[in-house]
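J.:
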Amino acid sequence: MSKDDSTKGKIVLSKRAAFAIGVLVILVIVAVGLLAGLLGKPAPEKCTVVSDTTAPNPSKSTTPNTPAETSGSPDQPWANIRLPSSLIPYHYTVDLQPDLKLDDEGLHWFNGNSTAYFSVAQSTNFIVIHSFKLNYTSVSVANTKGQAVSIVTYWTYDPNEYLVVEVDKPLSVGENYTLSTVFLGPLANDLRGLYLSRYTGTDRKEIPIAVSQMQPTDARKSFPCFDEPGLKATFSISLWHEPPYYALSNMPALSTDLVYGSWYRTRFETTFPMSTYLLGFAVCDFNYTEAYTSSEPKIQTRIYARPESVSLGNVDYARNATPYILDYYAEYFNVSYPLPKSDQMAIPDFALGGMENWGLVMYRETALLFDPDINSIRNKQRVLAVIAHELSHQWFGNLISPLWWDEVWLNEGFASYVEYLGQDKVDPEFRVMDQYILLDMHTAFTVDALVTSRPIVAENVNTPSDINALFDDISYEKAGCIIRMINHMTGEEAFKLGLKQYLEEYAYGSVTHELLFKYWEKAVEEIDGPGNPPGGFAEAMNTWVLQMGYPVINVRQDPDNLKNMKLSQERFLLDPEADITKPDSPYGYEWAVPFWFANELGENLQWILVGDGEITVNTTGGDYIIGNSGAFGYYRVNYDSNIWGRITNVLNTDYEKINVKNRAQLIDDAFNLARAKRLDYETALDLTPFLRNDLDYITWESALEALSYFDDMLGRSKAYGVYSDYLLYLIQPLYDNVTWTDTGNYLHKYQRVNAISTACSYGNEDCISKAASQFQLFRTAEINPISPNLRSTVYCSGISNGDSNDWDFLWQKYLNESNSQEKAALEYGLTCVRTPWIIQRLLEFTINDDYVKKQDATGIFQDLCRNEYARDQTWDFIRKEWDFIFQTYGIGLSSFNGLIESCTSHFSTEFELAELKAFKENNLEILGSGLTAVNQALERTNTNIKWKADNEDVIFKWLTETVTNV
Ligand SMILES: *[C@@H]1O[C@H](CO)[C@@H](O)[C@H](O)[C@H]1NC(C)=O
Ligand SMILES: *[C@@H]1O[C@H](CO)[C@@H](O)[C@H](O)[C@H]1NC(C)=O
Ligand SMILES: *[C@@H]1O[C@H](CO)[C@@H](O)[C@H](O)[C@H]1NC(C)=O
Ligand SMILES: *[C@@H]1O[C@H](CO)[C@@H](O)[C@H](O)[C@H]1NC(C)=O
Ligand SMILES: [Zn+2]
Numbered sequence: 001m002s003k004d005d006s007t008k009g010k011i012v013l014s015k016r017a018a019f020a021i022g023v024l025v026i027l028v029i030v031a032v033g034l035l036a037g038l039l040g041k042p043a044p045e046k047c048t049v050v051s052d053t054t055a056p057n058p059s060k061s062t063t064p065n066t067p068a069e070t071s072g073s074p075d076q077p078w079a080n081i082r083l084p085s086s087l088i089p090y091h092y093t094v095d096l097q098p099d100l101k102l103d104d105e106g107l108h109w110f111n112g113n114s115t116a117y118f119s120v121a122q123s124t125n126f127i128v129i130h131s132f133k134l135n136y137t138s139v140s141v142a143n144t145k146g147q148a149v150s151i152v153t154y155w156t157y158d159p160n161e162y163l164v165v166e167v168d169k170p171l172s173v174g175e176n177y178t179l180s181t182v183f184l185g186p187l188a189n190d191l192r193g194l195y196l197s198r199y200t201g202t203d204r205k206e207i208p209i210a211v212s213q214m215q216p217t218d219a220r221k222s223f224p225c226f227d228e229p230g231l232k233a234t235f236s237i238s239l240w241h242e243p244p245y246y247a248l249s250n251m252p253a254l255s256t257d258l259v260y261g262s263w264y265r266t267r268f269e270t271t272f273p274m275s276t277y278l279l280g281f282a283v284c285d286f287n288y289t290e291a292y293t294s295s296e297p298k299i300q301t302r303i304y305a306r307p308e309s310v311s312l313g314n315v316d317y318a319r320n321a322t323p324y325i326l327d328y329y330a331e332y333f334n335v336s337y338p339l340p341k342s343d344q345m346a347i348p349d350f351a352l353g354g355m356e357n358w359g360l361v362m363y364r365e366t367a368l369l370f371d372p373d374i375n376s377i378r379n380k381q382r383v384l385a386v387i388a389h390e391l392s393h394q395w396f397g398n399l400i401s402p403l404w405w406d407e408v409w410l411n412e413g414f415a416s417y418v419e420y421l422g423q424d425k426v427d428p429e430f431r432v433m434d435q436y437i438l439l440d441m442h443t444a445f446t447v448d449a450l451v452t453s454r455p456i457v458a459e460n461v462n463t464p465s466d467i468n469a470l471f472d473d474i475s476y477e478k479a480g481c482i483i484r485m486i487n488h489m490t491g492e493e494a495f496k497l498g499l500k501q502y503l504e505e506y507a508y509g510s511v512t513h514e515l516l517f518k519y520w521e522k523a524v525e526e527i528d529g530p531g532n533p534p535g536g537f538a539e540a541m542n543t544w545v546l547q548m549g550y551p552v553i554n555v556r557q558d559p560d561n562l563k564n565m566k567l568s569q570e571r572f573l574l575d576p577e578a579d580i581t582k583p584d585s586p587y588g589y590e591w592a593v594p595f596w597f598a599n600e601l602g603e604n605l606q607w608i609l610v611g612d613g614e615i616t617v618n619t620t621g622g623d624y625i626i627g628n629s630g631a632f633g634y635y636r637v638n639y640d641s642n643i644w645g646r647i648t649n650v651l652n653t654d655y656e657k658i659n660v661k662n663r664a665q666l667i668d669d670a671f672n673l674a675r676a677k678r679l680d681y682e683t684a685l686d687l688t689p690f691l692r693n694d695l696d697y698i699t700w701e702s703a704l705e706a707l708s709y710f711d712d713m714l715g716r717s718k719a720y721g722v723y724s725d726y727l728l729y730l731i732q733p734l735y736d737n738v739t740w741t742d743t744g745n746y747l748h749k750y751q752r753v754n755a756i757s758t759a760c761s762y763g764n765e766d767c768i769s770k771a772a773s774q775f776q777l778f779r780t781a782e783i784n785p786i787s788p789n790l791r792s793t794v795y796c797s798g799i800s801n802g803d804s805n806d807w808d809f810l811w812q813k814y815l816n817e818s819n820s821q822e823k824a825a826l827e828y829g830l831t832c833v834r835t836p837w838i839i840q841r842l843l844e845f846t847i848n849d850d851y852v853k854k855q856d857a858t859g860i861f862q863d864l865c866r867n868e869y870a871r872d873q874t875w876d877f878i879r880k881e882w883d884f885i886f887q888t889y890g891i892g893l894s895s896f897n898g899l900i901e902s903c904t905s906h907f908s909t910e911f912e913l914a915e916l917k918a919f920k921e922n923n924l925e926i927l928g929s930g931l932t933a934v935n936q937a938l939e940r941t942n943t944n945i946k947w948k949a950d951n952e953d954v955i956f957k958w959l960t961e962t963v964t965n966v
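Using full-length UniProt numbering, read the sequence shown as starting at 1 and increasing by one per residue.
1. Which residue from 635, 692, 694 puts its Cα closest to that of residue 670?
2. In the DSSP output, which residue or residues are listed as bridge partners for residue 225?
3. What ranges does the alpha helix (DSSP H) occupy inside the segment 522–584, keeping only unbroken runs of at least 4 residues that lie completely in it?
4. Can you give me the C-alpha to C-alpha distance between residue 375 and residue 115, rounded to a whole angstrom?
5. Take the Cβ of residue 215 as the centre, count every other Cβ of all protein chains shown within 10 Å, and call the residue buried at 16 or more, exposed below.
6. Any chance you could list the alpha helix (DSSP H) runs of at least 4 consecutive residues sitting entirely within the segment 892–916, in chain order?
7. Under the three-state reduction of DSSP, which class applies to residue 488: helix, strand or coil?
8. If you follow the alpha helix (DSSP H) that residue 374 is part of, which residue opens it and which one closes it?
9. Within this structure, are the beta carbons of residue 457 and residue 546 separated by less than 8 Å?
10. Residues near ligand 2, CB to any non-hydrogen atom under 7 Å, in chain order?
11. Determine the DSSP secondary structure at residue 447, reduced to helix, strand or coil.
12. Can you grab the Cα-Cα spacing for the pair residue 846 / residue 852, in whole Å?
13. Would you kindly report the start and end of the unbroken alpha helix (DSSP H) that includes residue 971?
14. Measure the beta-carbon distance from residue 477 to residue 568 and round it to whole angstroms, keeping in mind my assumption that it falls under 8 Å.
15. Where does residue 876 fall in DSSP's three states?
16. Thinking just about the alpha-carbon of each residue, which of 121, 104, 126, 87 is nearest to the one in residue 76?
17. Apart from the five residues just before and just after residue 770, which ones in its own chain have a Cβ nearer than 7 Å to its Cβ?
18. Tell me the rounded alpha-carbon separation between residue 543 and residue 181.
19. Go through its chain and collect everything with a Cβ distance to residue 459's Cβ below 8 Å, but skip five positions before and after it.
20. Shorter than 7 Å, the distance from the beta carbon of residue 102 to the closest heavy atom of ligand 1, or not?
21. In terms of residues, what are the limits of the beta strand (DSSP E) holding residue 119?
22. Please go through the same chain and pick out, in chain order, the residues whose beta-carbon is closer than 6 Å to the beta-carbon of residue 870, but skip the five residues on each side of it.
23. Return no unless some Cβ of chain B is closer than 8 Å to the Cβ of residue 675.
24. With a threshold of 7 Å (Cβ to nearest heavy atom), would residue 2 be considered close to ligand 5?
25. Using 10 angstroms around the beta-carbon of residue 856, count the other beta-carbons present and answer buried if the total reaches 16, otherwise exposed.
26. Would you mind listing the beta strand (DSSP E) stretches within the segment 69–100 that are 3+ residues and don't spill past its ends, in chain order?
27. Bridge partners for residue 788 per DSSP, in chain order?
28. Between 143, 571, 164, 665, which lies nearest to residue 136 when the distance is taken from Cα to Cα?
29. Please confirm whether any heavy atom of ligand 5 lies closer than 7 Å to the CB of residue 411.
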């Protein structure tokens with residue numbers, strides 16, 4: 001799965017410009033009437049889901065054992081949220097008939113029938129199988145000779161999402177049985193299980209299609225199944241459809257036959273053994289384009305999308321990249337692509353970025369479609385990244401899967417790392433291996449420096465909400481960082497050998513991290529290379545996956561011998577007052593650290609192990625070192641003031657002596673160490689003047705990101721003016737260098753966006769007026785004259801400095817736009833608004849799915865929350881509408897935690913803290929997977945309050961002195 005991180009790598013404009021906003025009071029008054037009219041529209045129906053089947057089937061409730069509304073005692077097998085281990089599935093037939101015509105009440109339904117085949121490991125009278133929102137019309141059990149087993153009763157037990165069937169005589173160990181069911185389920189636009197999506201055809205008509213999203217726990221919403229990842233089985237799927245629709249699933253079609261009326265049924269080849277969460281179903285009228293891999297046998301790869309997107313060529317980029325990536329992975333893992341075909345589809349409504357359904361990968365449109373005339377280079381990188389991510393899952397996750405969700409990092413960490421290899425292979429111009437630290441490492445560093453973080457291998461994972469909460473920055477970004485560190489440690493050859501053996505050994509099966517570590521350990525021994533860490537591979541790596549957090553390595557020079565460096569480790573937490581020993585950790589917050597360092601003699605490795613204390617290394621190469629050279633290590637590095645002084649000196653005189661990844665990392669480390677009170681802010685700020693010379697995107701992006709904390713904290717501070725002045729001073733050479741002519745390589749184009757958006761939002765007049773004239777040109781031109789790369793920036797600047805006519809103009813463009821990425825750029829521009837009544841109007845529009853697709857709503861909230869003029873109003877709105885927002889967008893949408901994070905990141909007063917606490921108390925029961933995010937927000941707010949008290953004055957002083965002197 002790829003998270004819906006529409007914000008990842010997005011140009012986040014600081015919405016805080018030091019210039020006034022020209023909103024006319026009169027406009028506000030006039031508009032209130034208009035607003036009232038607009039809001040007169042009926043609100044969308046808030047809860048359209050069909051009520052659950054809570055009660056046992058009354059006509060069949062004949063036994064005293066009927067569980068009815070009882071919560072279940074421990075000896076009742078349905079009382080546990082995890083399936084009993086008595087029954088082991090090995091095959092299913094599934095026949096589904098999604099009806100794309102509305103019924104009399106305006107609802108869509110699907111009929112289905114299914115047979116589950118299973119063997120019996122422990123004798124039992126109960127078949128407990130997952131089922132959610134399905135109504136049964138027939139349930140029967142038989143042995144494999146076809147003899148019926150008589151049923152006492154059956155019922156659905158909603159708290160644990162089960163169908164429970166009680167049979168007359170115990171099922172015998174060693175025998176196989178079948179459970180056959182006929183059922184009906186709602187086909188709703190809820191983005192879960194088998195669901196309904198809609199798109200607007202070229203004739204403006206709404207066209208419904210049926211698609212699916214099973215991960216992690218929604219296969220049970222389309223047919224009864226043993227819905228745990230370790231319970232692999234084969235599946236014979238068939239899907240019904242009427243012209244002009246056809247059906248797709250994981251495997252190629254076997255046959256399509258007319259059944260009755262206009263209904264056809266397509267049967268698909270039986271799958272390989274696989275997990276239920278990887279099933280994919282689609283009934284649609286999409287068009288496609290295809291290509292073949294060059295490996296033997298050649299694999300057919302197709303990209304499906306709305307017919308219009310195919311005709312416009314928006315699928316061509318994905319079509320061209322896909323075979324290349326599949327061939328590369330097959331070669332890299334040395335294991336061929338496991339299935340006979342690879343389909344990928346762009347879905348108009350999709351909760352995530354992408355989902356790796358085996359052989360039928362689904363994406364939201366912005367993650368698969370690309371139009372070079374309309375979309376930015378940033379969009380192109382995003383598409384490439386998500387494709388490379390999902391295709392890597394065809395091996396990691398699909399061919400081998402985690403035994404249980406607590407090890408979902410074995411899927412997501414791998415895909416998060418391997419996607420970079422795939423991207424780099426297809427388009428090295430992106431320099432993704434350098435961008436890695438910005439996109440993934442810094443993301444992981446941020447959440448993992450909180451005491452509310454968690455170990456990669458999770459504990460107490462039981463409920464769907466527990467499981468959903470694991471699709472977070474720890475399973476993705478942090479786990480990816482650990483795998484990247486392992487790669488640098490073992491060397492490429494041993495890394496690949498270990499993976500190949502592991503993939504071959506467990507193909508079509510399930511795994512745990514112990515098995516993976518065993519194979520790497522063995523491979524490192526087999527290959528002549530750096531060897532395993534002292535104490536062994538698993539021992540060392542367990543310190544990274546079984547405890548949360550990461551260390552800072554302190555480097556001090558020995559005053560008696562400047563060539564001797566003393567190294568020690570300490571847990572790094574952002575909150576300077578947090579207890580670094582809490583909560584308990586099996587390794588006491590020490591790690592087995594591969595400390596790579598560079599001096600003029602080259603790179604060296606020194607292990608710092610658990611319990612090592614301080615160790616000394618002799619470096620004959622010079623009087624300073626750069627720790628974590630190449631930034632492969634998942635740790636920060638701090639130095640004593642002498643070394644920081646020398647590093648600052650090199651940066652400010654001859655920055656190219658230091659590798660660009662380390663330049664970026666030095667800034668990130670320094671500012672975060674300063675936040676954690678491990679370094680004074682003067683030292684961190686002293687590092688920055690070299691940015692006037694170093695125009696590399698990697699360095700600048702890291703700096704802007706590190707400084708963005710100042711935006712959150714200083715926005716309401718006296719330091720804000722001098723801060724803006726300093727940033728404008730730093731960025732001037734870059735702004736002059738990039739110009740407004742959109743040429744150069746990819747990263748130069750990224751730099752242009754950075755330079756222009758920073759200059760415009762901090763009040764560079766030349767920038768604002770150029771942006772305004774481009775925006776006005778857009779308002780009158782036939783064809784959008786703004787370069788695709790600059791659109792978000794120009795829309796944002798145009799709207800933040802514009803009036804309600806500008807906003808209305810952009811809103812109309814948004815409503816009529818069919819290209820999803822362009823729509824996202826327009827959406828972003830709309831959220832830059834600074835006028836309260838327009839903000840309110842946008843908030844109301846956002847939860848109305850006539851205007852905004854469900855999948856896009858949380859993104860709008862997040863962008864509004866990054867806008868200083870809108871964030872408080874947005875947070876109030878979210879709190880007020882919490883029940884509805886959580887019900888509609890919260891469940892199963894991984895973007896949801898990001899929403900809470902974005903909307904509270906600037907909290908830095910006691911008042912805001914109290915408000916957040918109250919919010920938590922009032923919503924404890926329904927926060928669900930959002931609880932962690934709220935706890936993290938509380939922690940962050942506490943830290944922010946202290947930060948302001950400690951640092952505001954120091955920073956103000958440094959900035960004032962510096963700005964006066966330039
Ligand atoms: C499904 O079952 C529930 C509970 O028994 C019932 O309220 C609902 O009407 C049923 N739906 C259909 C479509 O039969
Ligand atoms: C379900 O099974 C029955 C009996 O085999 C069959 O006639 C029917 O068409 C199947 N499919 C659906 C969607 O009802
Ligand atoms: C039950 O099914 C399993 C898996 O297909 C098979 O290996 C086994 O031989 C079957 N046992 C019986 C008794 O049919
Ligand atoms: C499907 O796409 C192909 C290739 O672009 C095009 O030739 C064909 O006309 C399209 N079909 C439909 C129904 O749009
Ligand atoms: Zn994934």
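Each residue gets a CB set at the ideal place from its N, CA and C atoms; glycine is no exception.
T.: This is what the structure gives:
1. Within the sequence shown, residue 670 is the residue found at index 670, counting from 1. Cα-wise, what sits closest to residue 670 is 635.
2. In the sequence shown, residue 225 corresponds to position 225, counting from 1. For residue 225, DSSP records a beta bridge to 130.
3. 537–545
4. In the sequence shown, the residue the question calls residue 375 occupies position 375. In the sequence shown, the residue the question calls residue 115 occupies position 115. So the two alpha carbons sit approximately 46 Å from each other.
5. In the sequence shown, counting from the first residue as 1, residue 215 sits at position 215. Residue 215 is buried by the Cβ-count criterion.
6. 895–904
7. Residue mapping note: residue 488 aligns to position 488 of the sequence shown, counting from 1. Looking at residue 488 - three-state DSSP - the assignment turns out to be helix.
8. To locate residue 374, count along the sequence shown from 1; it is residue 374. Run containing residue 374: none; DSSP gives neither H nor E here.
9. By 1-based counting over the sequence shown, the position of residue 457 is 457. By 1-based counting over the sequence shown, the position of residue 546 is 546. Yes, the Cβ-Cβ distance between residue 457 and residue 546 is below 8 Å.
10. 95, 96, 97, 111, 112, 113, 182, 240, 259
11. Working through the sequence shown from its first residue, we reach residue 447 at position 447. In this structure, residue 447 counts as helix in the three-state DSSP scheme.
12. Reading the sequence shown from its first residue, position 846 is the one you call residue 846. Reading the sequence shown from its first residue, position 852 is the one you call residue 852. Computed Cα separation, rounded: 5 Å.
13. An answer regarding residue 971 cannot be provided, because it is not within the stretch 1 to 966 covered by the chain.
14. Translated into the one-based positions of the sequence shown, residue 477 becomes position 477. Translated into the one-based positions of the sequence shown, residue 568 becomes position 568. Contact doesn't hold; Cβ gap of about 26 Å is too wide.
15. Residue numbering aside, residue 876 sits at position 876 when the sequence shown is read from its first letter. It is helical.
16. Here residue 76 corresponds to residue number 76 of the sequence shown, with the count starting at 1. Among 121, 104, 126, 87, the Cα nearest to that of residue 76 is on 126.
17. Position 770 of the sequence shown, counting from 1, holds the residue named residue 770. For residue 770, same chain residues with a beta-carbon under 7 Å away, outside a window of 5 residues either side, are 740 in chain order.
18. In the sequence shown, the residue the question calls residue 543 occupies position 543. In the sequence shown, the residue the question calls residue 181 occupies position 181. Rounded to the nearest angstrom, the two C-alpha atoms are 47 Å apart.
19. Looking up residue 459 in the sequence shown gives position 459. If we look at residue 459 and ignore the five residues flanking it on each side, its Cβ neighbours are 406.
20. On the sequence shown, position 102 is the one that residue 102 refers to. Because no heavy atom of ligand 1 lies under 7 Å away, the Cβ of residue 102 does not count as near it: no.
21. The residue given as residue 119 occupies position 119 in the sequence shown. Per DSSP, residue 119 belongs to the beta strand (DSSP E) from 109–120.
22. Counted from its first residue, the sequence shown places residue 870 at position 870. These residues qualify, in order along the chain: 839, 864.
23. Absent here is chain B; the protein component of the structure consists of one chain.
24. Numbered from its first residue, the sequence shown carries residue 2 at position 2. Yes, the Cβ of residue 2 comes within 7 Å of a heavy atom of ligand 5.
25. For the purposes of this step, residue 856 is taken as residue 856 along the sequence shown, with counting starting at 1. Looking at its Cβ environment, which holds 16 or more other Cβ atoms inside 10 Å, residue 856 is buried.
26. Those beta strand (DSSP E) runs which fall completely within the segment 69–100 and span 3+ residues are 87–98.
27. Here residue 788 refers to the residue found at position 788 of the sequence shown. Per DSSP, none; premise fails for residue 788.
28. The residue you call residue 136 lines up with position 136 of the sequence shown. Of 143, 571, 164, 665, the residue nearest in Cα terms is 164.
29. Within the sequence shown, residue 411 is the residue found at index 411, counting from 1. Yes, Cβ of residue 411 sits closer than 7 Å to a heavy atom of ligand 5.
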